[in-house]
Amino acid sequence: MDTTCIRFCVLFLFLFFRSIDAQLLPEDEVKVLRTISSKLGNTHWNVSRASCMQESDFNWTDPNYKEVFSNVKCNCSFNSGSVCHVVTIQLKRLNMTGILPPEFAYLTHLQELDLTRNYLSGSIPSSYGQLRVTNLSLLGNRISGPIPKELGDIFTLEKLVLENNLLEGPLPPNLGSLNRLSEMFLSANNLNGTIPENFSNLKNMTDFRIDGTSISGTIPDFIGNWIKMDRLDIQGTSMEGPIPPTISQLKNMKQLRISDLRGEQMQFPNLTGMTKMERLTLRNCSIFGPIPIYVGDMPLKLLDLSNNMLNDTIPDTFEQLNFDNMLLGNNTLSGAIPSWMFSKKENIDLSYNNFTHTTTPGCQSSTINLAASYSDTMNMLKNTDAWCSMKPLICPTEAKYTSLFINCGGRGRTTFEGNDYEEDRIGSGPSFFFSSNDKWAFSSSGVYVGRENASNIATNTFSLDVSGPDFYNTARLAPNSLKYYGLCLQGGSYRVRLHFAEIMFSNDSTYSSLGRRIFDVAIQGRVVLKDFNIMEKANGVGKGHTEDFDDITVSSTLEIHLYWTGKGTNAIPDRGVYGPLISAITVTPNFNTGNGLPVGAVIGIVLASIVVVLIVLFALWKKGIFGGKNNEEELELRALDLQTGHFRLKQIKAATNNFDPANKIGEGGFGPVYKVSNLYLSLPILILRKDSLWFCGDISYCVLADGAVIAVKQLSSKSKQGNREFVNEIGMISALQHPNLVKLYGCCIEGNQLLVIYEYMENNCLARALFGRDDQRLNLDWATRKRICSGIAKGLAYLHEESRLKIVHRDIKCTNVLLDKDLNAKISDFGLAKLDEEENTHISTRIAGTVGYMAPEYATRGYLTDKADVYSFGVVALEIVSGKSNTNYRPKEEFVYLLDWAYDLQEQGNLLELVDPHLGSNYSKKEAIQMINLSLLCTNLSPTLRPSMSSVVSMLEGKLPVQAPIIKLTTSTNEMRFKSFEKVSHDSQTTLSQESQGQAPWNDSSGSGSLPAKDEKFSSSSRLLPDLYDINID
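Written out as structure tokens, the structure reads:
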């Protein structure tokens, strides 16, 4: 080889190795990467200056699970190819622990940082605002604290993924300056506040998700600016409707998911022009009216319009849809079910509607869930295969069972405590109805987002060491709704025990342990568990937990409803893991079933009982306790299937001694009030209904025959509303049952007599307890005041969000909060406001409320949402803390209301001056300040900035922080409040009541009370029940 060739080869090798050696990371960047690796506990990096050239130093993939990997990319084009910088860091599903390192901010050339699904904690460092990344993902960690406003400085950012963490506080307005941002995922955090106005600048937004947060307010109109949007997820938030009409401008939308909106009813939003829509969910949004025909022209794969008030028929255009899932349950759709649906193999849910019966393939012979879907019961009775389609769901044979044991999601029978739990292993899709026999059944509904083919049977995926019976190793789950029915149960009181164990999350320090499953539970239509979290209640995963409900009244069918309202995580350990889950159900009777008695003894007892009953009934008939033929109104009451009692006038006359004035305890705007202690004469009243004896709802011998004191309210017979409207109104209010609502025991309607029967409240009303006369006022300690405040909030949360009726109270004040013998708060007047007597000048069908408690937007414009009640609650909470009346206490001449003084003290930073001096020093200063701040938060002038009542409950229970409101008293704010005061004071069409500090409502007949103040301008407000208590004593 000649000398020239040798020299050339040597030069080539020298330059080659020099070039390799030259492509190095800067030393300071190596130090930063080593620090980051150490803080993360990352065992997959071996950082050196040459790591960019040695792939194994940075990159690693789990051979068994390709989604577990470390991936680091470098750009070595700097300084003529001699210098490298790290531009991409992806560390996914590595279960790294430790605090989120601030040192990432020192990687000035970093373009992507993805730490998805690890176990990192701490807060997001504000120094991350120095990053120049296009993609920042922290999904599925334990990161807490607020979102730093400095993230708004990352002007290069295109994708921000923070979902499934523990972030809290409001959304920083600074994020609205990220004009390149196209994707923002914030779901499953504790974020609150509203969507900032300057988010309107995010015109490149294509995917926005805020599921499972406490973000409130209305969906902003500026959403129409996001014309590139193809996916929008707003499920399970505290936001309220209506959906703005500007949404029609989003022509590129492919996936729209909105659920559980609060506020007023709305018509179907205008979605015309969304010709690319593939997945449309508008669930539980209070949408009424028909389904638009154009929905059938969309290329839909998923359509979920369940839990609304949609009516009319299913559009003919739906036949052309090439869908996978169609969910229309829990509406009022009518007409015949289209025949083409019965030949579909796709998943269809039509349960709980009002369809007219046609020939069907039966309850379980198709992919259609038809549970309680028909209103035409006469024909349904002729088709035994379709018994489950009747509404309400009935017993297909005869009531013969007295217990129920179900191994939910379990294979084979399981014995526990001597009882055999039946297997429940059937699963034919996300939405279906199943009945194993005539003893029990279930109805499942919904589709998992991101995992539409997920199983509805949960197993012990992580091999948890589950303690307790075997049925805790499996469970049944559902995406949205899961209803279990106990069928053919004998009438009576039952104990219901629900068994839970969380088995879908791990029990270790990995991202698989970070899931939060949150759902609600209702029994017989009443919410018994709100925001229920199995893992939280059981103190961990793989641990059995039971919830007992000891007195559940069943006439034939028991309904246990578990349902998801969009809260909790939905992407841990993977997408589509959420929704209600239950392991087993135990139902046992609270009455003697007679098992074990000899046949002869049973026959003898039955015959003897019949003879005794006949003698007693004959005697009562002779005394006139039972009337003659049924009048029309009585038949209407029975047809309503009321959950209250129906009394005869003769019974009430006997109990009140023909309305003897000696039994009268007061007089209200609607008539006199009587105190009764023995209405039933020691016997339950039975009403013959069709072919069976029917107990009068909740009123039985164990409720009133033992001397329980009740109140009978006699309404004026001059009401223009008429008996039929009275019957309908009682039917509505009878469905409202909650520990913090005054209980309606029953009613009576005969001729011109309209009477209602309520429970008697031993400790009068909250107004008397707080600021009555010295001999009337109660010594309420701080703990009691907190409990009363929490009780009021829970009652209102039920009316606004949990009750199917979604009632706005309109007149929350201390006189409408009653106290039982244990000083438990119970709201009165929760639904009979329409029972007005329009001839009375103090009654109005327009605006009803009380000066000093009415929200400004309602008083001035008649704009009524549940946020009007939130405002009133804020005033009442302030009165509870201060022991002073908002309308009657004026510490200085410049203050019209107690609330004005509170604003002034808040500006001065001296809120504790508001605390009731009767408490002395026996209260928590921290809790008092929180309570006052919560009051001021609730009385914000803007209704959208007021929290929902469920959020208020969470704040009172310490589950959510109370944000101190920023209030600046200005001329405009004062003018707004005084404008509302003047309007309600002078509008002759407005229903108002002005409280008198000395007034003592709901006194015993032996007590005395004060008349209204001489200059009082307003009389009792538009309501029925408050007049039961808001009365002047003779």
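Following this note's numbering, the numbering of the sequence shown begins with 1 at its first residue and continues without gaps. Virtual Cβ for every residue (Gly too), placed ideally from N, Cα, C.
Pairwise C-alpha distance: residue j and residue i
i, j, result
"G212", "G412", "36 angstroms"
"N533", "S144", "19 angstroms"
"N308", "N284", "5 angstroms"
"R1114", "L956", "Nothing can be reported for residue 1114: it is not among the residues displayed for the chain, which extend from 1 to 1034."
"M274", "I243", "15 angstroms"
"F268", "E240", "15 angstroms"
"K650", "M761", "25 angstroms"
"M535", "A454", "21 angstroms"
"D324", "A501", "31 angstroms"
"N473", "R425", "13 angstroms"
"V817", "A868", "17 angstroms"
"D230", "R279", "11 angstroms"
"T61", "S70", "6 angstroms"
"V587", "S436", "17 angstroms"
"T815", "R773", "14 angstroms"
"S375", "N347", "22 angstroms"
"D312", "F288", "10 angstroms"
"S924", "V870", "24 angstroms"
"T944", "T218", "7 angstroms"
N-terminal and C-terminal residue of the beta strand (DSSP E) that residue i is part of
i, result
"D866", "Looking at the DSSP string, D866 is not in any beta strand (DSSP E); the run it does join, the alpha helix (DSSP H), is D866 to S882."
"T414", "T414 to F416"
"S216", "S216 to T218"
"P589", "A584 to P589"
"A793", "No beta strand (DSSP E) contains A793, which is instead part of the alpha helix (DSSP H) from W782 to A797."
"P170", "L166 to P170"
"A522", "F519 to I523"
"C488", "Per DSSP, C488 belongs to no beta strand (DSSP E) and is neither H nor E."
DSSP three-state assignment for residue i, whether helix, strand or coil
i, result
"T569", "coil"
"R810", "coil"
"W387", "helix"
"M239", "strand"
"Y352", "coil"
"L151", "helix"
"R257", "strand"
"L333", "coil"
"C76", "strand"
"H44", "coil"
"L914", "helix"
"D316", "helix"
"D660", "coil"
Residue i, enclosing alpha helix (DSSP H) - first and last residue
i, result
"Q906", "L898 to Q908"
"R476", "No alpha helix (DSSP H) contains R476, which is instead part of the beta strand (DSSP E) from T474 to L477."
"E197", "First-last for E197: undefined, no H or E at that position."
"M930", "For the record, residue 930 in the displayed sequence is Gln; it is not Met. Unbroken alpha helix (DSSP H) run through Q930: K925 to C938."
"D28", "E27 to L40"
"V953", "M949 to L956"
"F771", "L766 to F771"
"K537", "I534 to A538"
"E857", "P856 to R861"
Status (buried if at least 16 other CB within 10 Å, exposed otherwise) for residue i
i, result
"A877", "buried"
"A336", "exposed"
"T43", "exposed"
"M340", "This sequence places Trp at residue 340; Met is not what is there. So W340 ends up on the exposed side."
"D775", "exposed"
"L912", "exposed"
"R262", "buried"
Presumed contact (8 angstroms Cβ cut-off) between residue i and residue j, rounded CB distance
i, j, result
"L741", "C748", "In fact, because the Cβ distance is near 21 angstroms, the residues do not count as touching under 8 angstroms."
"P102", "S127", "5 angstroms"
"R517", "L581", "6 angstroms"
"L175", "N204", "So it is not a contact: roughly 13 angstroms between Cβ atoms."
"D114", "K92", "6 angstroms"
"L136", "L160", "6 angstroms"
Test: residue i CB closer than 8 angstroms to a CB of chain B
i, result
"C52", "Among the protein chains of the structure shown there is no chain B, as only one such chain exists."
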